[in-house]
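Written out below as structure tokens is the structure these notes cover.
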Amino acid sequence: MLGEQTSDKMVGQRIRAARLARELNQEELSARLGIHRNSLVRYERGERGIDVELLVRIARELKVSLHWLVTGEGEMERAPEVPESDRLPVRWIPVLGQVPAGFPHYTAEVILEYLPVPAATAKHPQTFALIVQGDSMEPRLADSDRVIVCPDQSPPNRAIVVALIDGETVIKELKITRQGEKIVHILVPANHDYPPHVLTEDDRIIGRVVAVQKMLE
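First residue of the sequence shown? That's 1 in the working numbering, and the numbers climb one at a time after it.
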């Protein structure tokens, strides 16, 4: 569960502080962002959630760290940019604490941090990351690994997928098999101490894992 520091109200306060530090009024910033001034007023007051793409634009426009803007942690100032000629194509994607039921729609409250990944890995605009919890996918995925997830409701057989089961976010291997005349989708853990799960109509596949960032001890 995320703390109060990532609430819409706290994010709004940081936006206002950064705007004032840049000596911009609300009319100037809203014009640069291409939004109505009234919308900016509501964002700064914490009366309205802010989507991910707008947060990225606000951080870029105010020249502040996206991580600081979302969490309040670290330095407000953004690190100096690398010269264009030295850059590799990178996208910053949100690391979610959990997949909300309304995915792909969510607000800053479910974002733990932002993670830089190769742009080629994050081609889908809704690509996100999750932190692996537990040992059900060991040895393939370990606790605290970060998985990069591409939204896909029809992943292929043997793909590692993220699914919502009774409101809980799970990461498992998808096995597609035939039982008589019926096609059955089964979520299979890599760790045999855990049972497989046959997907039902109430379950929902969110996407497939396209990359993993291993955490070294």
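Cβ atoms here follow ideal geometry from the backbone N, Cα and C, with glycine treated the same way.
Remember, it's a predicted structure, so these values are computed and weren't measured experimentally.
- Of all alpha-carbon atoms in V184, P116, E61, S136, the one lying nearest the alpha-carbon of V170 is that of S136.
- The alpha carbon of L164 has as its nearest neighbour, out of F128, R204, L141, P139, the alpha carbon of R204.
- For T177, the uninterrupted beta strand (DSSP E) run begins and ends at 168 to 179, by DSSP.
- With contacts defined as CB atoms closer than 9 Å, V117 and A59 fail to qualify as a contacting pair.
- Assigned with DSSP and collapsed to three states, E61 falls in helix.
- Where V11 is concerned, the enclosing alpha helix (DSSP H) starts and stops at 8 to 21.
- Counting only runs of 3 or more residues that sit fully inside the region 115 to 173, the beta strand (DSSP E) segments are 128 to 131, 146 to 151, 160 to 165, in chain order.
- Counting along the chain, Q26 sits inside the alpha helix (DSSP H) bounded by residues 26 to 33.
- Taking C-beta atoms under 8 Å as the contact rule, A190 and E138 qualify, at a distance of about 6 Å.
- In terms of CA proximity to R208, C150 leads the group C150, N38, H185, R140.
- Contiguous beta strand (DSSP E) elements confined to the region 189 to 215 occur at 204 to 213, taking only those with 3 or more residues.
- The beta carbon of R91 lies closer than 7 Å to those of V117, A119, A122 in the same chain, with the five residues before and after it left out.
- For the 9 Å CB-CB criterion, A159 and L174 form a contact.
- Judged by their CB atoms, L29 and L54 are not nearer to each other than the 9 Å cut-off.
- The beta-bridge partner set that DSSP reports for E77 consists of V64.
- E44 is a Cβ neighbour of G12, given a cutoff of 9 Å.
- For R37 against E27, the beta-carbon gap comes to about 6 Å, under 8 Å, which counts as contact.
- For the 9 Å CB-CB criterion, V162 and V99 form a contact.
- E47 sits in coil when the DSSP states are folded into three classes, being neither helix nor strand.
- Under DSSP, the beta-bridge partners assigned to H185 are I176.
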